[in-house]
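Contents: one structure, followed by commentary.
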Amino acid sequence: MTLEFIGRNLYLQPTPAGAYAAVAGPEANPERTLLQALMRGEASVRPSVTDIAWWCSQSEQDALATVYRAQEKGWIEGFTSPQSPPSGQLEPIATRAVEALSTTGQGLLADSQGFCMASTGFDATAAEFLAAVSADIASMHERHSAYLADASGSSTSAWALVDMAGNSKVGFWPLFVGENRFVIALGGLPALQHPAMVELVWSLVNRYGRTED
């Protein structure tokens with residue numbers, strides 16, 4: 000087992016794939032706990048094995064195994080200097096992020112009540128409709144997530160509105176942060192590997208997922 004990031008004095012944070020994995024479902028697991036912990040501060044950190052074991056409520060040996068699994072899945076990366084989430088109000092941060100995550104520049108962020116928190120590329124009527132649909136989809140996904148993961152053979156949480164040929168017109172991705180549930184809706188093809196995914200999720204975790212020590 001080769002650990003690329005531990006003991007190299009690097010500041011750790013999730014990759015775009017790791018940021019999404021951190022909030023893709025409501026169920027807790029060690030990797031998800033680690034990824035969210037890396038985004039709870041105002042800047043990335045250089046965690047020790049002791050830190051990671053504390054975050055994940057594991058022994059140091061098990062914590063190293065958690066880091067290794069996250070590393071092998073491409074969920075964490077290291078930098079020589081600390082990185083930070085965008086500063087400022089959430090709405091402009093989310094608006095820029097969802098625009099970057101869609102190949103057509105169409106996207107929105109909605110909360111669990113169907114309130115549109117940020118939108119770009121959709122007209123007001125479409126945004127209101129998609130935000131309402133987002134709330135219904137996220138609620139249904141949360142109720143049936145265990146069955147859906149078992150039936151599909153994966154832990155994907157994406158949903159879509161498709162045309163008659165089965166092509167996605169708008170995709171929906173529920174995000175679970177603490178006790179809160181959000182959905183991003185994206186027109187066209189998604190670009191979830193864009194760094195904007197880290198910026199969006201880090202901003203959400205920083206605001207809604209922080210816990211008291």
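Number 117 in numbering that gives the first Met the number 0 belongs to position 118 of the sequence shown; there are no gaps in the numbering. Note that CB positions come from ideal geometry on N, CA and C, so glycine has one too.
Residue from the options whose Cα sits closest to the Cα of residue i
i	options	result
A16	E98, E76 and Q105	E76
A109	I136, R45 and G40	I136
V197	V66, W53, Q82 and G113	Q82
R206	V48, T102 and S86	S86
Q12	V66, S56 and N179	V66
S111	S202, G6 and N179	N179
A184	F128, A190 and V169	V169
G104	P46, G186 and L191	G186
Distance between residue j and residue i (C-alpha atoms, nearest Å)
i	j	result
A64	R209	24 Å
A21	A36	9 Å
M139	V161	18 Å
A96	R68	27 Å
A164	C115	29 Å
P29	Q60	13 Å
A130	R7	43 Å
F4	S58	18 Å
T124	S118	11 Å
S202	W158	23 Å
S167	S47	43 Å
Counted within 10 angstroms of its Cβ, other Cβ atoms place residue i as buried (16 or more) or exposed
i	result
L188	exposed
P249	Beyond the ends of the chain as shown, which are 0 and 212, falls residue 249; an answer cannot be given.
S151	Confidence at S151 is low in this model, with a pLDDT of 42, below 50, so its placement is unreliable and no value can be given for it.
T1	exposed
S219	The structure shown has nothing for residue 219, since the chain only spans 0 to 212.
Anticipated Cβ contact below 8 Å, residue i with residue j, distance rounded
i	j	result
M38	V182	At roughly 19 Å, the Cβ-Cβ gap does not stay under 8 Å, so M38 and V182 are not in contact.
F78	L9	6 Å
Residue i at chain D interface by Cβ criterion, 9 Å
i	result
P25	The structure shown contains no chain D; it is built from a single protein chain.
request  = Count the C-beta pairs between the region 20-37 and the region 91-98 that are closer than 8 Å, then say yes if the count reaches three, no if not.
outcome  = no
task = Determine, using beta-carbon pairs with one atom in the region 174-188 and one in the region 36-51, whether at least three such pairs fall under 8 Å.
result = no
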